[in-house]
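According to UniProt numbering, the sequence shown holds residues 1 to 572 in order. Encoded as structure tokens, the structure appears first; notes follow it.
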Amino acid sequence: MCLKTKEQLHEALVELKQSQEREGRLMAENRAILDAISSITSASNKQQIFQELKNVLSLYIDFSDFIVLSKKNCELHFNTLLTSNKEFEGVEWCNDGKFPRVLEGDCILLFEPAKLQEFACLDDQQKNTMKCALATGVKATITDSIILLIGNKVGQFTLDSRETLSRFRPLLERALIDIEHKEQLQHLVDVRTQQLKLAQIKAEKANEAKSRFLAMMSHELRTPLNAVLGYIDVLLDDLSVPEQLEMLEKMESSAELLLVLINDILDLSRIESGEFSTKYQWVKLRNDLSSILEHFQTLANAKGLDFTVDLEFEQDLLLWIDPTRVMQIVFNLVGNALKFTEQGSVSLSATISNSVLKIEVKDTGIGIERSRLNAIFSQFRQADDSITRKYGGSGLGLTISKHLAELMSGSISVESVFGKGSVFTISLPVKTKLQVNLNEHPHDLTVNFAKSLNILVVEDTVTNQMVIKLILEKLGHKVVTQNNGLEAVDYFKQNSEHIDLIFMDISMPVMDGLTATKQIRQFCSATPIIALTAHAMAKDKQTCIDAGMNAFVSKPIRSKEIQRTLKTVISV
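Now the structure itself:
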């Protein structure tokens, strides 16, 4: 083989080796690009995409800093979107010089970038460290983006570096499009988050407005009923003509039904707005349940029904429970049972087993069709519209009872046979014990007075003044009235030794009842003060107690309620 042939063969082998090495590098680049695309696809944010790009480019190009510039199509300047060097954060770049070229797909090698107008936005320190740069760009749907690789050494980038960056353009395009997409998603998330915050603020304001409205409606609806029921109480004691008594009793029954409806609607509204709360305490629930027999016996007798109460736990057993809510449920169920039972019996039974209080109300009434059982706990629903027409009622009692049971981590269920009767069962978790020391409120006083009390009534409405005065005078007490809190404080300061007890309205002009009570308590802690108000929410009661009052009577006031309240505060 001649020398020339050997040289040609050697050159061919060298070229083959170089070609194989080049092919190997390209294959490695392709694998790196594919792996990077996979990682970019699964990235959750633009920072992860940027880091993946930086990692894969650093394997094939030696650079000092990596920057992504971005601008929306309508904007004039680029801004630093992502950077490996915090010194470039917040920089605004001019869209001049060679930047428009790179957006068309070119890869450009810049040997003295500090002298170019594109980099005029940088300070001297940044320019001095920048010896060369590689740039390419991508036009996406909404944004234009430029990739900048910065070299801090002269000759750090070569034509090979530019070619390598050019081969990575498909990856860069994919990455920048993904960044734009994630930017859009993040923007949508931010907008939606802000909308949700605003909606939450509006909902909270609406809820506060609703609460204020409910408090106002409670006050406004109860105030006229106070006079109606109060005068009925007074007249029932005075009249002896049977026909007139019958008419008054019917008036009383209608007014009480209206009061029940008002209470139901207000209760349901408070439950739905999350304002309904429980107040647990140690109580002898047997005493409360026994009182139901006395309360409903007259109605049962009038309808010729057998009404029984069977309580299978000890008289002195104390239960940790909210007695008010439990009794509210029981009153609803027993009231319904008596209303929907024309003949036969109604029974109430209660047992405690495995820390669960189970109360059953059973009747032999009209029953409920199986297909309608699920609907009876819905708002404003009874088993049949004809039932509403025949028996009346709002259809809220069972809905409220169900909510109350669930509020106390319990449940309420029903079994019924149409035409034969129903059994409603309440199951509530309870704690029990036989003895407990009850801590009384510092203002829960029991004071010995003579039978005839000197009572100060503070009330701004003349009609209500007359009602409460008539009721108290018929009970044998002497009454003085004042029109607002300021008058009451002044009067009490001058006559405190002659006042045995105060009935204090809350909402009054000039000075409200809470302020008046606090001022009176500054110089007198002994005289009992009873709140007399149409504000009937639980928090209203607690506010009165916190102000220094001893008890709370919600309007419309009744003679029996006044008597019971007096007995809890004084010994008459």
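For glycine and all other residues, C-beta sits at the position ideal for the given N, C-alpha and C. Just so you know, these numbers come straight off a predicted model, no measurement behind them.
Exposure label - residue i; buried when at least 16 CB within 10 Å
i           : result
H403        : buried
A120        : exposed
D385        : Only weak support exists for where D385 lies, its pLDDT of 48 falling under 50; the value from the coordinates is given anyway. It counts as exposed.
P509        : exposed
M504        : buried
H477        : buried
I201        : exposed
N550        : buried
G90         : exposed
A350        : buried
M27         : exposed
G230        : buried
E559        : Per the sequence presented here, residue 559 reads as Ser, with Glu not at that position. With 16 or more Cβ atoms within 10 Å of its Cβ, S559 is classed as buried.
K115        : exposed
G304        : exposed
C544        : buried
K555        : buried
G105        : exposed
L245        : exposed
S422        : buried
P113        : buried
residue 581 : Residue 581 lies beyond the range of the chain shown here (1 to 572); nothing can be said about it.
T5          : exposed
D96         : exposed
A199        : exposed
Beta-carbon proximity of residue i to residue j, cut-off 8 Å
i    : j    : result
G548 : T515 : no
F418 : L333 : no
F88  : I67  : yes
V56  : A43  : no
L149 : I40  : no
S347 : K358 : no
Y491 : L434 : no
I400 : I520 : no
L398 : I265 : no
L319 : L285 : yes
N73  : I142 : yes
V553 : I530 : yes
F340 : I366 : yes
G513 : V458 : yes
N226 : N464 : yes
V489 : L428 : no
I557 : I468 : yes
DSSP three-state assignment for residue i, whether helix, strand or coil
i           : result
T481        : strand
T446        : Residue placement at T446 is flagged as unreliable, the pLDDT there being 39, under the threshold of 50; the coordinate-derived value follows with that caveat. The answer is coil: DSSP assigns T446 none of H, G, I, E or B.
S349        : strand
F99         : helix
S413        : strand
S559        : helix
residue 579 : The requested residue 579 does not occur in the structure, where the chain is confined to residues 1 to 572.
F503        : strand
D384        : Caution applies to D384, whose pLDDT of 49 falls short of 50 and renders its modelled position unreliable; the model cannot decide the point.
A534        : coil
G397        : helix
R389        : In this predicted model, R389 has a pLDDT of only 44, less than 50, meaning its place in the structure is not dependable enough to derive any value.
S355        : coil
D106        : coil
D144        : strand
K541        : helix
G367        : coil
G230        : helix
G344        : coil
S452        : coil
F331        : helix
K86         : helix
L428        : strand
K518        : helix
A526        : coil
(message) Report the start-end ranges of each beta strand (DSSP E) in the region 19-81 that is 3 residues or longer and not cut off at the edges.
(response) 65-72
(message) For the pair the region 96-112 and the region 201-209, tell me if three or more CB-CB distances fall below 8 Å.
(response) no
(request) List in chain order: all unbroken alpha helix (DSSP H) runs of 4+ residues lying wholly within the region 286-325. (result) none
(message) Assess contact between the region 523-535 and the region 185-196, defined as three or more Cβ pairs (one per stretch) separated by less than 8 Å. Is contact present?
(response) no
(request) State whether the region 276-285 contacts the region 309-329, with contact taken as three or more CB pairs (one from each stretch) at a distance under 8 Å. (result) yes
(request) Evaluate contact between the region 45-55 and the region 174-183, counting only Cβ atoms and requiring at least three cross-stretch pairs below 8 Å. (result) yes
(message) Quick check for students: name the residue ranges of the beta strand (DSSP E) that lie wholly in the region 140-214, counting only runs of 3 or more.
(response) 143-151
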